[in-house]
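A quick write-up on the structure given underneath.
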Amino acid sequence: MIQAVIFNLESTLLDPGGRGLIQGIRDIFRWKGVQVTEEQASHGRGLPIRDHIANVLALSEVRKKWLDCFGTHPGRTDIEHIYLELVPVLRSLIQGAEPTFGIDKALNELQDRRIQSGATASCPMEMLGNVFTPAQSPYALDCTVAPCEVSQGRPYPWMIYEIAHRLQVFPLSDIVKVGDTAADMQEGRNAGVWTIGVLNHSEGALTTSQATSRESDDRVAEERRRQSVYGLKRAGAHIVMNSVADLPRILREIEMLQHTGGYPSYTKQVKTALMPPS
Numbered sequence: 001m002i003q004a005v006i007f008n009l010e011s012t013l014l015d016p017g018g019r020g021l022i023q024g025i026r027d028i029f030r031w032k033g034v035q036v037t038e039e040q041a042s043h044g045r046g047l048p049i050r051d052h053i054a055n056v057l058a059l060s061e062v063r064k065k066w067l068d069c070f071g072t073h074p075g076r077t078d079i080e081h082i083y084l085e086l087v088p089v090l091r092s093l094i095q096g097a098e099p100t101f102g103i104d105k106a107l108n109e110l111q112d113r114r115i116q117s118g119a120t121a122s123c124p125m126e127m128l129g130n131v132f133t134p135a136q137s138p139y140a141l142d143c144t145v146a147p148c149e150v151s152q153g154r155p156y157p158w159m160i161y162e163i164a165h166r167l168q169v170f171p172l173s174d175i176v177k178v179g180d181t182a183a184d185m186q187e188g189r190n191a192g193v194w195t196i197g198v199l200n201h202s203e204g205a206l207t208t209s210q211a212t213s214r215e216s217d218d219r220v221a222e223e224r225r226r227q228s229v230y231g232l233k234r235a236g237a238h239i240v241m242n243s244v245a246d247l248p249r250i251l252r253e254i255e256m257l258q259h260t261g262g263y264p265s266y267t268k269q270v271k272t273a274l275m276p277p278s
């Protein structure tokens with residue numbers, strides 16, 4: 001039986017698809033004179049924030065633009081400068097974010113079934129202290145862990161292990177990880193837990209422009225959905241669901257698999273973040 005569900009805090013519960021984070025990264029790069037696309041700014045999403053920035057800077061096109069603008073390749077000092085400029089953006093985003101669609105239904109289900117809830121994060125803990133606590137939300141989580149509390153964040157499994165330890169949940173095959181990034185899927189599979197991808201796309205995010213016809217919008221939406229499902233599955237998702245609201249049904253499916261001998265396989269391979277040279 002499922003004993004605990006662990007979410008991605010920022011982009012699964014608070015900022016669906018990480019759209020606010022991506023826009024913040026694009027804005028900071030633009031202020032520095034380097035234009036990055038939405039796809040480029042999304043590269044490495046779900047990793048600890050410094051690693052995410054490092055992955056964006058490691059892209060060949062971004063490195064070339066940086067070299068053209070500054071005369072040198074980006075290094076660790078540049079990562080830190082971008083991170084420090086991004087901190088107030090992230091803090092404002094997190095503190096002002098509304099919980100994503102369906103989280104009330106999902107957390108009520110967990111509470112009714114006495115399944116514990118937790119979240120792993122990519123942001124520092126000082127930004128997350130008042131998020132999903134009884135003082136701020138009727139949907140309080142039982143445990144939240146940030147990368148600074150363990151040796152390394154996603155895709156390593158240490159945050160999940162820390163939550164399992166704090167909540168006293170064992171075996172790990174009774175834990176479900178829910179997230180919307182490849183790093184979440186790798187984190188869950190590396191920890192040996194059930195790993196669920198969530199699409200979390202809204203209609204607004206799927207519309208290419210106001211002038212585009214509805215038929216064209218539907219094709220764009222379906223193609224994006226197929227690409228998202230493929231990406232999450234390729235990264236290790238056991239199951240992909242449309243939104244967090246689908247979680248109660250997915251948990252029942254996993255428990256049926258458990259009853260028939262289903263078990264989340266363990267993978268030893270851990271993919272690490274790319275770091276530009278200093």
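Residue numbers for the sequence shown follow UniProt numbering, so the first one is 1 and each next one is one higher.
Built from N, CA and C at the ideal position, the CB exists for glycine as well.
What you are looking at is a predicted structure, and each value in this text was computed from that prediction instead of being measured.
At the level of alpha carbons, what is the spacing between residue i and residue j?
i, j, result
"G24", "V220", "24 Å"
"G192", "I175", "9 Å"
"V68", "L57", "For the record, residue 68 in the displayed sequence is Asp; it is not Val. Each residue's alpha carbon lies about 13 Å from the other."
"V5", "L90", "25 Å"
"E127", "I94", "Looking at the sequence shown, residue 127 is not Glu but Met. Taking the straight line from one Cα to the other gives about 7 Å."
"W194", "G102", "20 Å"
"T207", "E98", "At T207 the pLDDT is 36, less than 50, meaning the model places this residue with poor confidence and gives no usable figure here."
"Q116", "N200", "22 Å"
"Q186", "L110", "24 Å"
"Q35", "D217", "26 Å"
"H259", "E253", "10 Å"
"A183", "T12", "12 Å"
"I22", "A41", "6 Å"
"N108", "A146", "24 Å"
"G231", "V169", "29 Å"
"L9", "Q3", "19 Å"
"V150", "R114", "27 Å"
"S122", "L84", "15 Å"
"K177", "M256", "17 Å"
"W66", "F29", "9 Å"
"S243", "T100", "9 Å"
"L251", "D78", "43 Å"
"V270", "Q227", "Residue confidence for V270 is low, a pLDDT of 45 falling below 50, so the modelled location carries little weight and cannot support an answer."
"C148", "A140", "21 Å"
When the Cα of residue i is compared with those of the options, which residue comes out closest?
i, options, result
"I239", "E223, G179 and D217", "G179"
"L86", "T100, G102, W66 and P124", "P124"
"G236", "R113, W66 and V198", "V198"
"I49", "H81, A164, W66 and R30", "H81"
"T120", "D27, Q152 and W66", "Q152"
"P248", "I196, L59, Y156 and G188", "I196"
"G33", "F70, G188, A245 and K177", "F70"
"T144", "N190, Y161 and P155", "Y161"
"P157", "A140, R189 and C148", "R189"
"P155", "R63, A164, T181 and S92", "T181"
With a CB to CB cut of under 6 Å and the five nearest residues on each side skipped, what residues in its chain are close to residue i?
i, result
"D112", "none"
"S173", "Y263 and P264"
"A245", "G102 and K105"
"R225", "none"
"F7", "L13, A119 and V178"
Near residue i, which residues of its chain fall below 7 Å by C-beta distance, leaving aside the five closest residues on each side in sequence?
i, result
"D142", "Q116, S117, G118 and L167"
"T37", "none"
Taking 8 Å as the limit between beta carbons, can you name the residues of its chain near residue i, skipping five residues before and five after?
i, result
"D27", "V89"
"G96", "none"
Using a beta-carbon distance below 9 Å, is residue i in contact with chain D?
i, result
"Q111", "In the structure shown, chain D cannot be found, because there is only a single protein chain."
Closer than 8 Å is the cut-off here; do at least three beta carbon pairs connect the stretch 69-86 with the stretch 43-57? By the criterion of at least three beta-carbon pairs nearer than 8 Å, the stretch 69-86 is in contact with the stretch 43-57.
Any beta strand (DSSP E) of 3 or more consecutive residues that is wholly inside the stretch 211-244: Listed in chain order, the complete beta strand (DSSP E) runs (minimum 3 residues) inside the stretch 211-244 are 239-241.
Answer yes if the stretch 30-48 comes into contact with the stretch 8-18, meaning at least three C-beta pairs across the two stretches below 8 Å, and no otherwise. Counting C-beta pairs with one atom in each stretch, the stretch 8-18 and the stretch 30-48 have three or more that are closer than 8 Å, which means they touch.
Ignoring anything shorter than 4 residues or poking outside the stretch 106-187, list the alpha helix (DSSP H) runs there in chain order. Secondary structure in the stretch 106-187: the alpha helix (DSSP H) runs of 4 residues or longer, each lying completely within the stretch, are 158-167 in chain order.
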